[in-house]
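**Q** First residue of the sequence shown: 0, per numbering that gives the first Met the number 0; consecutive thereafter.
Where is the CB? At the ideal position from N, CA and C, for every residue including glycine.
Note that the coordinates shown come from a computational prediction; the quantities given were computed from them, not determined experimentally.
Have a look at the structure that comes next, please.
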Amino acid sequence: MIIGLDVGASLTKGILIDDELRLLNKNITPTIEPKKASVKVLKSLLKKIGSDYKGKVKFIAVSGGGSRFIGDRVMGLSVRRVNEIKSIGLGGLMLSDKEECLVVSAGTGTAMVAVYENGKIVRHACGTGVGGGTIIGLSRRILGISDFKILEEMALKGNSNNVDLTVGEIVGGPIGIVPANATASNLGKLTCESRAEDIAAGIFNMVSQTIGVLAAVTAKALNLESSVILVGMLPKSRVISRIICETTSLFGAKAIVPGDCEFANAFGAAVIAKQEVI
Ligand SMILES: Nc1ncnc2c1ncn2[C@@H]1O[C@H](COP(=O)(O)OP(=O)(O)OP(=O)(O)O)[C@@H](O)[C@H]1O
Ligand SMILES: [Mg+2]
């Protein structure tokens, strides 16, 4: 068995897989402190195996920005660090069953990785600092709320049209390649009187549309527009994945959210480390 661990800026994700890469267990916890979060996730994953886990788990493959803080051994298991760009790329490829794709890791920030030839070629294509951290940060300051689930509920109840300016409102109808209801200016109508739910909807909309536009133009530039794979925690939100998919579609690319998308980086790390051992 192998453990794949992704120590992200916000969340630490872990998976336990067998030698045929079948998923046996998974767990997520906030990355308040990288080493403590890693130990917490490992303990949860290892519950399935029992106290003699050291003979059964070969190693822990670790990726994510926090991986540099966890040392070379955790709970008696050796640690193998894996390049995050490679593990995002291969993890997304694996979960989506594609031969080539643009993997969009939408987490605290957003990274886009192009993968060709069944994973033989992996390239860091693009990225943006607009991501889940932007939702949390803006909401903390503007709404006084930083709990993602509460914000998502609010966004569902709100209407982003009350804070965003549409193309129709500015030019009176569609323009160029975009319809009248497309966003012309995210939060362009925000006022001190705007309802909290509408602001939440506007923030979710702005972040999701930014990721969607960038994913579409990047995919099109790389001839990968039929295979945009959304991974990371943000696409777990139905509101966010719906808007990203609508936006990529508006600009001529097709995005999908594979199952276990939040564990893509952990999967990729485990697969790469396994290949390197063989
Ligand atoms: N239940 C949830 N569903 C969807 N998104 C969530 C949920 N809880 C938190 N988030 C969002 O997910 C973001 C973190 O995503 P993720 O875990 O993929 O990033 P990370 O790996 O920690 O960061 P990075 O990859 O940028 O280092 C948070 O910033 C938050 O906005
Ligand atoms: Mg991440």
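The beta strand (DSSP E) that contains Asn24, what's its start and end?
**A** Unbroken beta strand (DSSP E) run through Asn24: Leu22 to Pro29.
**Q** Strictly closer than 5 Å from CB to any heavy atom of ligand 2: give me those residues in the order they appear in the chain.
**A** Spelled out in chain order, the answer is Gly7 and Gly106.
**Q** Are the CB atoms of Gly267 and Leu89 nearer to each other than 7 Å?
**A** A contact, by the Cβ cut-off of 7 Å.
**Q** At a cut of 8 Å, does the segment 245–252 reach the segment 207–216 through at least three beta carbon pairs?
**A** Contact between the segment 245–252 and the segment 207–216 is present, because at least three Cβ pairs lie under 8 Å.
**Q** In this structure, does DSSP put Ile2 in helix, strand or coil?
**A** Correct three-state label for Ile2: strand.
**Q** Relative to the C-alpha of Val56, which candidate in Lys119, Gly231, Val38 and Leu76 has its C-alpha closest?
**A** That would be Leu76, whose Cα lies nearest to the Cα of Val56.
**Q** Following a CB-centred definition, is Ile135 positioned closer than 6 Å to any heavy atom of ligand 1?
**A** The answer is yes for Ile135.
**Q** At a cut-off of 6 Å, would you count Leu10 as near ligand 1, judging by its Cβ distance to the nearest heavy atom?
**A** Leu10: yes, Cβ under 6 Å from ligand 1.
**Q** Taking 6 Å as the cut-off, does the CB of Gly231 come closer than this to any heavy atom belonging to ligand 1?
**A** Flag set: Cβ of Gly231 near ligand 1.
**Q** Tell me which residues share the same chain as Asp197 and place their Cβ nearer than 8 Å to its Cβ, disregarding the 5 neighbours each side in the sequence.
**A** Around Asp197: Gly157, Asn158, Ser159, Asn161 and Val162.
**Q** Please list, in chain order, all residues of the same chain as Ile277 whose beta carbon is under 6 Å from its beta carbon, the five residues on each side excluded.
**A** Low confidence applies here, because Ile277 scores a pLDDT of 45, under 50, leaving its location unreliable; read the following figure in that light. There are no such residues.
**Q** Consult DSSP for Ile242 and reduce its assignment to one of helix, strand or coil.
**A** Of the three classes helix, strand and coil, the one that applies to Ile242 here is helix, per DSSP.
**Q** Go through its chain and collect everything with a Cβ distance to Gly128's Cβ below 7 Å, but skip five positions before and after it.
**A** Gly108.
**Q** Taking all protein chains shown into account, do 16 or more other C-beta atoms lie within 10 angstroms of the C-beta of Thr190, making it buried, or fewer, making it exposed?
**A** It counts as exposed.
**Q** If you reduce the DSSP assignment to three classes, tell me which class Thr247 lands in.
**A** Thr247 falls in the helix class under three-state DSSP.
**Q** Looking at the secondary structure, which residues open and close the beta strand (DSSP E) in which Gly90 lies?
**A** Taken as a continuous stretch (DSSP letters only), Gly90 belongs to no beta strand (DSSP E), being part of the alpha helix (DSSP H) at Glu83 to Ser95.
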